[in-house]
Amino acid sequence: MLLFSFFALATAGCDDENEQKAEPVAPILKDVVMPAESSTIPGTTVTISGKGFDTGDKLYCTSLSQEKDFEPQVIEVTDYGISIVIPSDAAGTYEVDVERAGLVSTLPDYLKVAYVIAIDDLVMPTDHAARGTKIRIGGKGFEAGDKAVFTSDAYPSGVSHTADVALTGEGVEIVVPEECYGVNTLTLTRGNRQGRLGEVSVAVAVGDEIGGGIVYYISDGGIHGLIAKRSNTGSATEQWGPTSRHGETRKDIYAGKENTRICVEAMKNFHQQFETWPSSKKSAAEQCDAETETVDGIVYDDWFLPSQQELVQLFYQKNMLAEKGAGLAANNYWSSSEGDADDSAPIWSAYYVNFYEAENLVTAASDKEGWAIGIRAIRQF
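Under the UniProt record's numbering, the first residue of the sequence shown is numbered 1, with each subsequent residue one higher.
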C-alpha cells in the first residue's frame with residue numbers, strides 16, 4: 001500500500017512538470033487593407049480592413065513624415081476590421097503597430113493621412129466680393145497663422161494670390177487681394193497642410209486695369225468678362241490668313257478664344273499647302289495666340305483674336321481705352337469670325353469692325369488675303 005501511494009505521488013509530480021503553460025503570441029492579422037489617403041482626413045473615423053483584430057488591441061502610429069506620432073482611439077472592432085479616429089493634427093505617412101498582451105505586430109502597409117485642414121460648420125459668402133474688401137467665412141477649426149490662397153482658371157498657370165486670415169468669433173475675415181478677379185477657388189493653408197474652402201467670386205468693372213490689360217466688357221455681375229491688350233499686335237496692315245475655310249468659327253461674345261484655337265490648328269495644314277503662307281508667315285489668329293504681356297512679373301500668354309461681337313464691344317469702349325493709354329489707332333480691325341454661306345458673307349471672307357468711325361458702328365466681311373488691316377488681341381476671364 002505504501003509503495004502504491006509513493007508511486008502515485010511520483011507519477012502526479014511528473015504530470016505537473018510536463019504541463020505546458022499557454023504563451024502569448026503577437027497579433028496574427030490577415031488581409032489587411034488601409035483606407036485610401038483621400039478619405040483619411042484628420043478629425044474623421046476610418047476603418048482598417050482585415051481579419052484578426054481584437055477589442056483589446058492598441059494601435060501606435062509612428063510618423064515617417066516628421067509629424068507627431070499618435071495612439072488613435074479605437075471606435076469599433078468587427079470580424080472585418082478596426083475603426084479608429086484620426087487626430088486633427090495628423091498628416092503624412094505612418095507605420096502602424098498593433099499591440100496585444102505586450103506583443104506587437106507591424107501592419108504590412110502604411111497609413112497615409114491627407115495633408116488637409118478640416119473646418120466644421122463651414123459657411124462661405126454667397127455675394128460677389130470686391131478687390132480690397134473683407135469677406136467673412138464662418139466655421140470651426142481655423143487657427144492663427146492660417147493663410148488663404150486664391151486661384152482661378154482665369155490666371156496664368158501657376159499664379160495664385162495669398163492673403164492673411166484674421167480670426168473672429170464666428171470664423172475668419174480675409175481681405176481680397178487687389179490682384180484677384182473672376183471666379184476663384186479659396187484654399188486654406190497651414191504649413192504643409194491645406195483645405196479647400198470653396199469658391200469666392202471677385203467682381204471687377206469696365207475700365208479696371210487688371211489681368212495684363214484693361215477690362216472692357218463684363219457679364220454676370222462682373223465675375224466674367226474680356227480684357228484688352230494695351231497695344232496692337234503686328235503692323236497696321238496684316239492679312240487675316242488664307243482664303244480657305246478654317247472651321248466652325250462663331251460671332252458671339254466668348255467665342256473668340258475657341259475661334260482662335262480653330263484657326264491656329266487649321267494653319268498647321270495651310271502652311272504646308274500654300275506657298276504664299278510659309279510657316280514664317282503668321283495669320284492674325286496665330287499672331288494673337290503667340291502674344292505675351294508681362295505685368296508685375298506675371299506673364300499673360302492666353303491672348304486671342306476677338307470674335308466679331310467681342311470686337312464690336314471693343315469699338316464701344318475705344319474712348320475709355322484711349323483715356324487709359326491703350327487707344328486703338330484709326331483703322332479697320334480683324335475679328336476671328338469667318339464669313340459663311342448662311343449669312344450671305346462669302347467663306348473666303350472674315351468679319352472686321354471699322355474704327356475710323358467716331359460713333360457709328362460699321363462691321364462687315366472682307367477678303368481674308370485681299371485686305372491688310374489692324375489686330376488687337378484680348379483675353380477672357
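Note that CB positions come from ideal geometry on N, CA and C, so glycine has one too. The structure displayed is predicted, hence computed values, not measured ones.
The ligand COA heavy atom lying under 7 Å from the CB of residue i
| i | result |
| --- | --- |
| Tyr-155 | For the structure depicted, the ligand COA is absent and the ligand set is empty, with no information on it obtainable. |
Distance, residue j Cα to residue i Cα
| i | j | result |
| --- | --- | --- |
| Arg-100 | Leu-188 | 40 Å |
| Ala-36 | Tyr-110 | 11 Å |
| Lys-282 | Ser-152 | 31 Å |
| Gly-50 | Glu-67 | 26 Å |
| Val-165 | Tyr-333 | 46 Å |
| Val-74 | Met-34 | 15 Å |
| Leu-122 | Ser-157 | 28 Å |
| Tyr-217 | Val-175 | 25 Å |
| Gly-327 | Tyr-352 | 17 Å |
| Val-215 | Thr-260 | 20 Å |
| Glu-293 | Asp-120 | 42 Å |
| Arg-379 | Leu-305 | 9 Å |
| Leu-361 | Ala-163 | 44 Å |
| Gly-339 | Ala-329 | 25 Å |
| Ala-148 | Gln-317 | 35 Å |
| Lys-134 | Glu-173 | 6 Å |
| Glu-178 | Phe-150 | 11 Å |
| Thr-185 | Gly-198 | 6 Å |
| Lys-229 | Gly-212 | 7 Å |
| Ile-262 | Lys-268 | 10 Å |
| Ala-90 | Asp-31 | 25 Å |
| Asn-319 | Ser-235 | 21 Å |
| Glu-323 | Gly-171 | 43 Å |
| Glu-76 | Ile-41 | 18 Å |
| Val-312 | Asn-331 | 14 Å |
| Glu-209 | Arg-190 | 32 Å |
| Arg-245 | Gly-222 | 35 Å |
| Glu-258 | Gly-247 | 11 Å |
| Leu-321 | Gly-207 | 8 Å |
| Ala-345 | Gly-225 | 28 Å |
| Asp-54 | Pro-108 | 18 Å |
Of the residues the options, the one placed nearest residue i, counting alpha carbons only
| i | options | result |
| --- | --- | --- |
| Phe-142 | Ile-135, Gly-169 and Tyr-316 | Gly-169 |
| Tyr-94 | Glu-291, Tyr-115, Ala-205 and Gly-327 | Tyr-115 |
| Ile-253 | His-271, Gly-207 and Glu-310 | Glu-310 |
| Val-104 | Gly-56, Ala-236 and Gly-207 | Gly-56 |
| Ser-335 | Gly-247, Asp-301, Ala-285 and Gly-81 | Ala-285 |
| Ser-39 | Leu-64, Arg-136, Glu-76 and Ile-117 | Ile-117 |
| Val-98 | Leu-226, Glu-291, Glu-71 and Ile-223 | Glu-71 |
| Lys-112 | Arg-190, Gly-145, Gly-92 and Val-96 | Gly-92 |
| Arg-376 | Gly-256, Glu-323 and Gly-339 | Gly-256 |
| Cys-288 | Asn-232, Val-159, Tyr-155 and Glu-76 | Asn-232 |
| Gly-195 | Asp-146, Asp-296, Asp-220 and Glu-265 | Asp-146 |
| Ile-82 | Gly-52, Pro-108 and Leu-64 | Gly-52 |
| Arg-136 | Asp-54, His-246, Leu-167 and Asn-331 | Leu-167 |
| Val-159 | Val-25, Cys-180 and Ala-144 | Cys-180 |
| Thr-106 | Val-183, Ala-26, Glu-76 and Ile-210 | Ala-26 |
| Thr-62 | Thr-363, Ala-266, Val-96 and Ala-236 | Val-96 |
| Asp-296 | Thr-237, Gly-102 and His-161 | His-161 |
| Phe-381 | Leu-64, Asp-220, Pro-125 and Met-124 | Asp-220 |
Buried versus exposed call for residue i [16 or more other C-beta atoms within 10 Å across all chains shown]
| i | result |
| --- | --- |
| Gln-349 | The question names Gln, but residue 349 in the sequence shown is Ser. Per the 10 Å Cβ criterion, buried. |
| Thr-249 | buried |
| Ser-307 | buried |
| Ile-28 | exposed |
| Ser-337 | buried |
| Leu-59 | buried |
| Gly-325 | exposed |
| Asn-192 | exposed |
| Tyr-80 | exposed |
| Lys-140 | exposed |
| residue 407 | The displayed coordinates of the chain run from 1 to 381. Any statement about residue 407 would go beyond what the structure contains. |
| Ala-290 | exposed |
| Thr-11 | With a pLDDT of only 48 at Thr-11, under the threshold of 50, the placement of this residue in the model should not be trusted, and no figure is reported. |
| Lys-251 | buried |
| Val-299 | exposed |
| Ala-154 | buried |
| Ala-266 | buried |
| Asp-302 | buried |
| Gly-374 | buried |
| Gly-182 | buried |
For the region 205-288, which segments carrying the alpha helix (DSSP H) assignment without a break, of at least 4 residues, lie completely within its bounds, in sequence order? 256-273
Spell out a yes or no on whether the region 41-59 and the region 78-90 are touching, meaning 3 or more CB-CB pairs, one atom from each, closer than 8 Å. yes
Is the region 358-369 touching the region 237-244, taking contact as three or more C-beta pairs under 8 Å? yes
Three CB pairs or more closer than 8 Å across the region 272-282 and the region 348-359: no
For the region 194-210 and the region 114-133, state whether three or more C-beta atom pairs, one from each stretch, are separated by less than 8 Å. yes
Runs of beta strand (DSSP E) wholly within the region 94-158 (minimum 3 residues, chain order): 103-106, 111-113, 120-123, 134-140 and 147-151
Run through the region 289-365 for me and flag every whole beta strand (DSSP E) of 3 or more residues, listed as ranges in chain order. 293-295, 298-300, 332-338 and 349-354
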